[in-house]
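The block underneath contains the structure these notes are about, expressed in structure tokens.
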Amino acid sequence: MFLPLSKKEAEDRGWGELDVVLVTGDAYVDHPSYGSAVIGRVLEKAGFRVGIIAQPDWRRVDPFREFGRPRLFFGVSAGNLDSMVANYTAHKKPRKRDEYSPGGRPGLRPDRAVIVYSNRIREAYGDVPLVLGGLEASLRRIAHYDWWGETVRRSILLDARADILVYGMGERQVVEIARRISQSRGLSGIRGTAVVAAEPPGETVEIPSFEEVRDDAHRFNLAFRLVHENGTTHKGKAIAQKHANRWVVVYPPPEPLQVQELDGLFELPYERRPHPVYEAEGGIPGFETVRFSLVSNRGCCGDCSFCALSLHQGVVVQSRSIESIVREARLISQRPDFKGTITDVGGPTANLYGSRCSKEDGPCKKPSCLAPTRCRSLETGYEKTLRLYRALRSLPGVKHVFVESGLRYDLLVDGEARDFLYELCLHHISGQMKVAPEHTSDFVTRLMNKPPLSVYERFEGAFNEINQRLPKKRYLVRYLISAHPGATLDDALRMALYFKKRHVHPEQVQDFIPLPLTRSGCMYHTGRDPLTGARVYVARSFRERKMQRALLQWWIPQNKNLVREALRILERRELWHELKG
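Be aware that the sequence shown starts at 25, since it is given in the working numbering, and climbs by one per residue.
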């Protein structure tokens, strides 16, 4: 049974009043890949009555009154994506499609959805407790640079006028919040949350104030360093940031989930499909990518500079048990629409499943186990992963088990990984393996906190050697980023020539977007690396950003004029015929 999406559905359950109402910018898909579904099911298991208001018309207050005033609180999320990323391209143009909306229709979630939804709820119910969550809120828990408005904004807690913000994966936090509110207890001190206080509590790290980071780039970078040091692992300290005469207090991240806790989240009674109300609208496109997929792990110990994962899911990799994943796969295989293919087994990084820190006291405060080189204490989980894959392949009705999630190629170059890589390619790559070298400039990859080009080349050599032993050839799909801080027009040209020489036409090129609370976002805003203080070149004009991407995709006809303009600026016109040929 779905969680109620309307007052009638709540009444059909015999509920005259709800304890919690979740408001989300996504359509309601009752699947463990959708945050509101997970939070709703977790609260339901804890004994609370939960309803969902999905993609309400924010232009009116009435949709927010669908269930009446909840007994405990409203929970507000923009959805699985930041609303600004969902609504706009890297060139700040409105997107023509929203994968999390019925039929892919755009325009069903507002810009800055968390703030808009929260203010509508305040309009409807005044002082009702308001809890923020999801990626959009998580990355805006302190003062942050907002690329879309080209300004430094204060903590979203203040603009949304909320009581508490849950950052990261909030299953533990939201149940604790519900219990405290039901017992009329205060909300301070909960790990993985942020609150507004008149004074900072003891034992906190004070970071530069909103006013300071707004006006001073050096203070902005200092604030980031302190958050980065304390906000990625449970061993960090609480931080406090002053905003005028109030303080935003961010408590340390929660302890990593135990295996049985993580297993339990994925084995809650999800319907594993979109709510039937969307059937007439063409379904939810984003659901198709996860319909027959399995999440094996969460968290990432790579800490890539442009990625928000380390400050959202955390750097500690948490893996489900083989038994739990197999049970979920068995459920999927029994669905009438299942045709025999599990489309993905993975997470933020598929080949970090089962990895762990070998130190007795667990992971340290270092945010990355992989950069600049792999930590000697990081143990890969390849033996366990292969046992998982073999168990999935042996299930009745399962013909194929594929890995579509990205893979850390730098963990596939050592001798211990060769057997794993061979079996992965033989059985679990449908034809294309996704890896992310991101750039060919070692200076740029260092700023990205990614391995140098030589490591990628070692991996490519291992992959090609294994390909010779396979009955059917596999191909690499390389993910690249254009116009990342530090990357110049000349760097883009060098990367184009690098791939041209190897007869590779890069198709997966992502234009850099400065996300809040990321190291790369700091570089873009301040022109300096926040961890070293070194100056960093930043391509700020859309024209140069377009030229960098065009160089990386020189063969596309519509890029011709941009490529020629870039070559003219670089005084390398003679290369036109080399790229064209």
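Note that beta-carbon positions come from the ideal geometry of N, C-alpha and C, so glycine has one too.
Open item on the list: Using C-beta distances below 8 Å, list every residue in its chain close to V501, excluding the 5 sequence neighbours before and after it, in chain order.
Closed with: Q456, M457, K458, V459, E531 and Q532
Open item on the list: If you reduce the DSSP assignment to three classes, tell me which class A511 lands in.
Closed with: coil
Task: Beta bridge counterpart(s) of F274 as assigned by DSSP - done: Note on identity: in this sequence residue 274 is Val, with Phe being the wrong assignment. Its beta-bridge partners are A218 and I263.
Task: Under the three-state DSSP convention, the category S168 falls into - done: Reading the sequence as shown, one finds His at residue 168 and not Ser. Reduced to three states, the DSSP call for H168 is strand.
- [ ] Output the distance between the C-alpha atoms of D36 and S30, rounded to the nearest integer angstrom.
- [x] 10 Å
Task: Contact between the segment 396-409 and the segment 438-445 (3+ Cβ pairs under 8 Å) - done: yes
Open item on the list: On the DSSP letters alone, give me the boundaries of the alpha helix (DSSP H) that K570 sits inside.
Closed with: F566 to L576
- [ ] Note the first and the last residue of the continuous beta strand (DSSP E) segment covering Q582.
- [x] It is not in any beta strand (DSSP E) - Q582 carries neither H nor E in the DSSP assignment.
Task: Under the three-state DSSP convention, the category Y52 falls into - done: coil
Open item on the list: Among the candidates T367, R83, D287 and R398, whose CA atom is the shortest distance from the CA of R351?
Closed with: D287
- [ ] Evaluate contact between the segment 128-139 and the segment 98-114, counting only Cβ atoms and requiring at least three cross-stretch pairs below 8 Å.
- [x] yes
Task: Local conformation of T409 per DSSP, three classes - done: helix
- [ ] In angstroms with no decimal places, state the Cα-to-Cα distance between D553 and W82.
- [x] 39 Å
Task: Reduced DSSP category for C546 - H, G, I as helix; E, B as strand; rest coil - done: helix
Task: 4 or more residues per run - each alpha helix (DSSP H) lying fully within the segment 45-108 - done: 59-69
Task: Expected contact under 8 Å - CB spacing of H463 and H508 to nearest Å - done: 7 Å
Open item on the list: Less than 7 Å between C-beta atoms, sequence neighbours within five positions excluded: which residues of the same chain meet that for Y149?
Closed with: R93
- [ ] Could you say if the segment 341-358 and the segment 411-424 meet the contact criterion of at least three C-beta pairs nearer than 8 Å?
- [x] yes
Task: Terminal residues of the beta strand (DSSP E) in which D43 lies - done: From DSSP, D43 is part of no beta strand (DSSP E); its letter is neither H nor E.
Open item on the list: Ignoring anything shorter than 4 residues, give me the alpha helix (DSSP H) runs that lie fully in the segment 179-252, in order along the chain.
Closed with: 180-183, 195-206 and 234-239
- [ ] Check the C-beta distance from C449 over to I490 and give it rounded, since I have them as a contact under 8 Å.
- [x] 6 Å
Task: Under the three-state DSSP convention, the category V468 falls into - done: helix
Task: Among E291, P278, A511 and L517, nearest to E602 - alpha-carbon criterion - done: L517
Task: Where K383 falls: helix, strand or coil (DSSP) - done: coil
Task: Beta-carbon proximity check, V45 vs V66, cutoff 9 Å - done: no
- [ ] Express the C-alpha separation of S544 and V479 in angstroms, rounding to a whole number.
- [x] 22 Å
Open item on the list: Please identify the residue among K261, T256, L182 and V85 whose C-alpha is closest to the C-alpha of V272.
Closed with: L182
- [ ] To the nearest angstrom, report how far apart R564 and A241 are at their CA atoms.
- [x] 16 Å
Open item on the list: Quick check: what's the CA-CA separation for I139 versus D122?
Closed with: 20 Å
Task: Residues near M571 in its chain [Cβ-Cβ closer than 7 Å; skip 5 each side] - done: L513, L586, E589 and A590
Task: According to DSSP, residues forming a beta bridge with K458 - done: V501
Open item on the list: Are the CB atoms of W578 and G497 within a distance shorter than 9 Å?
Closed with: Before going further, note that residue 497 is Lys rather than Gly in the sequence given. Going by C-beta atoms, K497 is not nearer than 9 Å to W578.
- [ ] Buried or exposed for P28, please, with buried defined as at least 16 other CB atoms from any protein chain shown within 10 angstroms of its CB.
- [x] buried
Task: Nearest residue (CA-CA) to A332, options V427, V229, D434 and M193 - done: M193
Task: Close-in-space but distant-in-sequence residues of the same chain around D106 (CB under 6 Å, 5 per side omitted) - done: L159 and E160
Task: Separation of S320 from E285, as counted between CA atoms - done: 13 Å
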